[in-house]
Each structure stands twice: as C-alpha cells, then as structure tokens.
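Engineer: Numbering (this note's numbering), first residue to last: 16 to 369.
Think of the CB as a built atom: it goes at the ideal place given N, C-alpha and C, for glycine as much as any other residue.
Please read through the structure below; I'll follow up with questions.
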Amino acid sequence: MNVLERVSNHYVPKFYLRNFSTNKKNIGAFFLEKNLYIPNTSIKSQACQDYLYGEDGSIEEMFSKLEGQAAQIIKQIIETQSVPDRNSEEHHLLLLFMLLSEARNLKSADSISNLIDTQMKVILKMKLEHGQLPDVSHETLEKTSFSHEIPNLLPIQSTIKIYPVLLDLNCCLIINKTDRQFITSDNPLVRYNLMYIRRNYHLRGYGLGNMGIQLFFPISPNLCICIFDHILYDCSVDTNGNIIVNRGKQIDELNKLVYLNSYKTLFFNERTKESYIKKIISNVRHTTTEIKNEITVLGDRDKKLILYSQRKVDQRINLAMFSINKEFVNMPLPLHMGGPMRPHGMEMLENEEK
Numbered sequence: 016m017n018v019l020e021r022v023s024n025h026y027v028p029k030f031y032l033r034n035f036s037t038n039k040k041n042i043g044a045f046f047l048e049k050n051l052y053i054p055n056t057s058i059k060s061q062a063c064q065d066y067l068y069g070e071d072g073s074i075e076e077m078f079s080k081l082e083g084q085a086a087q088i089i090k091q092i093i094e095t096q097s098v099p100d101r102n103s104e105e106h107h108l109l110l111l112f113m114l115l116s117e118a119r120n121l122k123s124a125d126s127i128s129n130l131i132d133t134q135m136k137v138i139l140k141m142k143l144e145h146g147q148l149p150d151v152s153h154e155t156l157e158k159t160s161f162s163h164e165i166p167n168l169l170p171i172q173s174t175i176k177i178y179p180v181l182l183d184l185n186c187c188l189i190i191n192k193t194d195r196q197f198i199t200s201d202n203p204l205v206r207y208n209l210m211y212i213r214r215n216y217h218l219r220g221y222g223l224g225n226m227g228i229q230l231f232f233p234i235s236p237n238l239c240i241c242i243f244d245h246i247l248y249d250c251s252v253d254t255n256g257n258i259i260v261n262r263g264k265q266i267d268e269l270n271k272l273v274y275l276n277s278y279k280t281l282f283f284n285e286r287t288k289e290s291y292i293k294k295i296i297s298n299v300r301h302t303t304t305e306i307k308n309e310i311t312v313l314g315d316r317d318k319k320l321i322l323y324s325q326r327k328v329d330q331r332i333n334l335a336m337f338s339i340n341k342e343f344v345n346m347p348l349p350l351h352m353g354g355p356m357r358p359h360g361m362e363m364l365e366n367e368e369k
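In structure tokens, the structure reads:
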C-alpha cells in the first residue's frame with residue numbers, strides 16, 4: 016500500500032464499486048446534498064476521506080487484507096450465483112465484511128463524532144451551571160468541537176466481536192432478472208425489519224439479534240446478498256435457495272430502500288439514466304442524513320439522560336417477496352427498547368454477560 020492510499024481511506028472499497036462498473040474504472044454517482052447526477056466519475060475519487068482511520072495506517076492495512084479476501088469471495092458469488100456454505104470460513108468472512116461496511120463508513124464516523132461532541136458539551140454545561148468551570152464561558156463552549164481521532168474505532172471493534180450473531184440467519188441472493196439494475200450507496204449495507212414496520216413497532220432499532228431483521232447488500236447491478244430471519248419470514252426461492260425477481264417494480268422498491276439508507280451519495284452503473292434515479296428518490300423522505308436527530312437529551316439541571324439511536328429506514332417499503340409467517344403476525348411484542356430477540360441472539364448476549 017503506497018503513501019497516498021494510506022492518506023486517503025476508502026470507506027467503500029474500490030473493488031466493491033468496480034462490480035457495478037462496465038469499464039471497472041468509472042461509475043455513476045448521485046450527490047444528494049447537491050441534487051447532482053454524474054453519469055461517469057472515477058472510482059478512485061469516491062467514498063474516501065483523508066485519515067479517517069488515523070495516521071498510522073494500521074486499520075487501513077487491516078481493511079486492505081480483509082478486502083482482498085472479500086473480493087475473491089464476492090467474485091465467486093457473482094460467477095456462480097451462489098453464496099458460501101453456512102459456517103464456512105468464506106461465510107464468516109462475508110458476514111464480517113458486510114457488517115464492517117456499515118461500521119467503517121463516513122456516516123458512522125459522523126454519527127459517533129456528533130455523539131461525542133454532544134456528551135462532552137452536556138457534561139461541561141452542567142459543570143458550568145454549577146460554577147465548576149469559572150474560566151470557561153458558554154460562548155467558548157459552544158464554539159468548541161469535541162471528537163475522537165478515529166470516531167469509527169468503537170463500531171469497528173464491536174463489529175469484529177459481534178458479527179457471529181448473524182450465523183443463524185438465512186443467507187441467499189436476490190437475482191435481478193428485470194431490465195432495471197441494482198444501485199448502491201456510501202452506506203451499502205441496508206438494515207430493515209419488515210415485521211416492525213408492518214406492526215408499527217417504532218422507537219426500536221433494527222438490532223442484529225432481533226427477530227425479523229433483514230440485511231440487504233447489493234454486489235452488482237444484478238445481484239444483492241440478502242440475510243434474513245427465515246423463521247419469521249417466508250419467501251419463494253429457487254432450487255439453489257435464491258430469490259428470483261422478474262418484476263421491475265420490486266427492484267425499484269429495493270433501490271428505494273438503498274436510497275433511504277444512503278448518507279450522501281448513490282452509486283450505480285454508468286448506463287443508469289438520471290430519470291431513473293430521480294424516479295427512485297421522488298416522493299420518499301430521506302432521513303438518515305439527519306445526524307443531529309439521533310440524540311435526545313432529557314433531564315433537569317442536576318441530572319441528564321442522553322438517548323442515542325442511529326437513524327434507520329422506517330418507511331414502508333413494498334418487499335413483495337417476503338411474507339410474515341402466520342404464527343408471528345399477532346405475536347406479543349415487548350415494550351422495552353431491546354425488542355424481541357432471536358434465541359441465538361439471546362444466547363450470545365447471555366454468554367457476553369458471563
């Protein structure tokens with residue numbers, strides 16, 4: 016790895032974006048803040064930030080090694096249209112890579128940075144109000160920003176530890192047989208929970224150990240890895256266990272999900288037209304960029320409670336390929352923030368507490 020690559024940390028791997036490209040060098044992009052469609056831009060210049068993982072290069076080096084392995088696994092998936100065998104080394108590496116794609120990106124970094132800044136200011140404001148910081152003014156505090164050198168560090172460390180929570184879930188491919196193409200984004204792993212949405216079960220996050228969890232990870236214009244709770248959901252699959260989609264509207268809905276989960280940029284094949292992207296993003300409210308709304312501060316002058324929940328896609332998406340099994344349609348749902356847990360997720364949680 017050369018010095019330039021160490022400086023500019025790609026939080027969405029270049030090899031991953033190349034799988035959406037025709038010439039393997041350029042890709043289409045749509046920048047949400049500017050409402051700007053670019054049909055052809057260099058992959059090298061996208062989804063990267065200087066020193067996002069610190070200046071010593073050790074985390075970037077770790078990602079480089081993992082990406083080399085993941086690139087081969089995903090290449091094999093694309094060529095064979097089949098996912099690795101459950102509990103194989105390739106299966107473990109794929110799950111780890113997918114979850115790290117969420118933990119390592121800029122949205123995660125900005126979210127954690129905002130949490131750190133808010134926590135520090137709440138603590139210091141309480142000290143100010145109690146006269147414990149006589150040399151600091153409220154104006155100075157408001158102008159000061161607090162952050163961590165590597166804001167993603169905790170999510171990255173946590174992901175490496177907890178990714179096995181997904182091992183009990185079904186892993187398959189959604190194979191696109193339509194004239195549409197899958198798009199992806201700067202936050203490529205999509206968490207969703209159709210059961211939560213159908214039951215209006217709000218204020219709960221889409222925990223990886225929860226019942227009803229669904230993960231979508233597009234890997235090419237025609238393929239999307241899907242991990243889901245096969246006990247709670249039913250879906251039609253082919254003889255290889257894959258979901259075949261023949262209706263363009265179903266791909267549109269999945270692309271809408273990708274858009275709603277994105278942070279600042281959508282990526283797609285160079286041949287994807289601007290009119291299609293505008294169609295996908297119209298009439299839906301994008302909220303995952305609202306980092307400030309992830310935090311709620313409660314309490315009085317002497318006590319504060321800081322509630323933090325990363326923004327998620329909570330809009331109703333028509334995922335016609337999934338149905339909720341009858342025994343779970345009206346099951347009682349807990350009122351606590353943890354939500355209903357799968358047995359495997361509960362077992363991992365109990366083992367961690369021992």
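Tell me whether Thr287 is buried or exposed, calling it buried when 16 or more other Cβ atoms sit within 10 Å of its Cβ.
Structural biologist: Per the 10 Å Cβ criterion, buried.
Engineer: For Pro373 and Met141, I'd like the C-alpha separation in whole angstroms.
Structural biologist: Look at the range of the chain in this structure, 16 to 369, and you will see that residue 373 is not part of it.
Engineer: May I ask you to report which of helix, strand or coil DSSP gives Ser200?
Structural biologist: Note: Ser200 maps to strand in three-state DSSP.
Engineer: Might you give, ordered along the chain, the residues of its own chain that have their beta carbon closer than 7 Å to the beta carbon of Asp267, omitting 5 neighbours on each side?
Structural biologist: Closer than 7 Å at Cβ, skipping near neighbours: Arg195 and Ile295.
Engineer: Using CA coordinates, which residue listed in Asn298, Lys279 and Leu348 is at the minimum distance from Phe45?
Structural biologist: Per the Cα distances, Lys279.
Engineer: Going along the chain, which residues of its own chain have a beta-carbon closer than 8 Å to the beta-carbon of Ile310, five neighbours each way excluded?
Structural biologist: Excluding residues within five positions, the ones whose Cβ falls inside 8 Å are Asn129, Leu130, Thr133, Ile321, Leu322 and Tyr323.
Engineer: Helix, strand or coil: how does DSSP classify Ala62 here?
Structural biologist: Coil, per DSSP.
Engineer: Go to Thr155, then tell me how far its beta strand (DSSP E) extends in each direction, as first and last residue.
Structural biologist: Run containing Thr155: none in the beta strand (DSSP E); it sits in the alpha helix (DSSP H), His153 to Lys158.
Engineer: In whole angstroms, give me the CA-to-CA distance for Leu67 and Val205.
Structural biologist: Leu67 and Val205: Cα-Cα distance of roughly 22 Å.
Engineer: Which two residues bound the contiguous beta strand (DSSP E) that contains Val205?
Structural biologist: Where Val205 is concerned, the enclosing beta strand (DSSP E) stretches over Val205 to Tyr207.
Engineer: Output the distance between the C-alpha atoms of Leu108 and Gln172, rounded to the nearest integer angstrom.
Structural biologist: So the alpha carbons of these two residues sit roughly 15 Å apart.
Engineer: Classify Gln265: buried if its beta carbon has 16 or more other beta carbons within 10 angstroms, exposed otherwise.
Structural biologist: By the 10 Å Cβ count, Gln265 comes out buried.
Engineer: Helix or strand or just coil, what does DSSP make of Pro166?
Structural biologist: Correct three-state label for Pro166: coil.
Engineer: Can you round the beta-carbon distance between Asp329 and His163 to whole angstroms, since I take them to be within the 8 Å contact cut?
Structural biologist: That belief does not hold up - the Cβ atoms of Asp329 and His163 are roughly 28 Å apart, past 8 Å.
Engineer: Taking Lys49 as the reference, give the member of Met336, Leu313, Leu281 and Glu285 with the closest Cα.
Structural biologist: Measuring from the Cα of Lys49, the nearest candidate turns out to be Leu281.
Engineer: Classify Met226 as buried or exposed, calling it buried when 16 or more other Cβ atoms lie within 10 Å of its own Cβ.
Structural biologist: Buried is the call here.
Engineer: In the DSSP assignment, find the unbroken beta strand (DSSP E) run with Gly313 in it and report its ends.
Structural biologist: Note that residue 313 corresponds to Leu in the displayed sequence, not to Gly. Run containing Leu313: Ile310 to Gly314, per the beta strand (DSSP E) assignment.
Engineer: Report the residue ranges of all alpha helix (DSSP H) runs contained in full by the stretch 264-325; include only those spanning at least 4 residues, in chain order.
Structural biologist: Correct list: 289-296.
Engineer: Thinking just about the alpha-carbon of each residue, which of Gly314, Leu334, Met210 and Asn202 is nearest to the one in Ile259?
Structural biologist: Closest option to Ile259, Cα to Cα, is Leu334.
Engineer: Please return the same chain residues whose Cβ sits closer than 8 Å to the Cβ of Ser277, not counting the five positions on each side in sequence.
Structural biologist: Cβ within range, chain order: Leu47, Ser200, Asp201, Asn202, His301 and Thr303.
Engineer: Helix or strand or just coil, what does DSSP make of Leu19?
Structural biologist: Any reading at Leu19 must be qualified, since the residue scores a pLDDT of 47, below 50, and its modelled position is unreliable; the value itself is stated next. Here Leu19 sits in helix by DSSP.
Engineer: Measure the C-alpha to C-alpha separation of Met77 and Val344 and round it to an integer number of angstroms.
Structural biologist: Those two C-alpha atoms are separated by around 43 Å.
Engineer: Quick one: grab the DSSP three-state call for Glu365.
Structural biologist: Here Glu365 sits in helix by DSSP.
Engineer: Just the Cα atoms here: how many angstroms apart are Ile228 and Asn261?
Structural biologist: If I take the Cα positions, the gap works out to 24 Å.
Engineer: Determine contact between the stretch 110-124 and the stretch 168-183, defined as no fewer than three beta-carbon pairs at a distance below 8 Å.
Structural biologist: Flag = yes, the stretch 110-124 and the stretch 168-183 touch.
Engineer: Between the C-alpha atoms of Ile92 and Asp317, what's the straight-line distance to the nearest angstrom?
Structural biologist: Going from the Cα of Ile92 to the Cα of Asp317 covers about 56 Å.
Engineer: Jot down the residue ranges of each uninterrupted beta strand (DSSP E) in the stretch 206-266, minimum 3 residues, whole runs only, in chain order.
Structural biologist: List check, beta strand (DSSP E) in window: 229-233, 238-243 and 258-260.
Engineer: Below 8 Å on the Cβ atoms is my contact criterion, and I expect Lys40 with Ile53 to pass it. Report the Cβ-Cβ distance as a whole number of Å.
Structural biologist: Rounded, the Cβ-Cβ distance is 14 Å, inconsistent with contact.
Engineer: What do you reckon, are the CB atoms on Leu269 and Ile190 nearer than 8 Å?
Structural biologist: It is not a contact, given that the beta carbons lie outside the stated cut-off.
Engineer: From what residue to what residue does the alpha helix (DSSP H) around Leu130 run?
Structural biologist: First-last of the alpha helix (DSSP H) with Leu130: Leu121 to Glu144.
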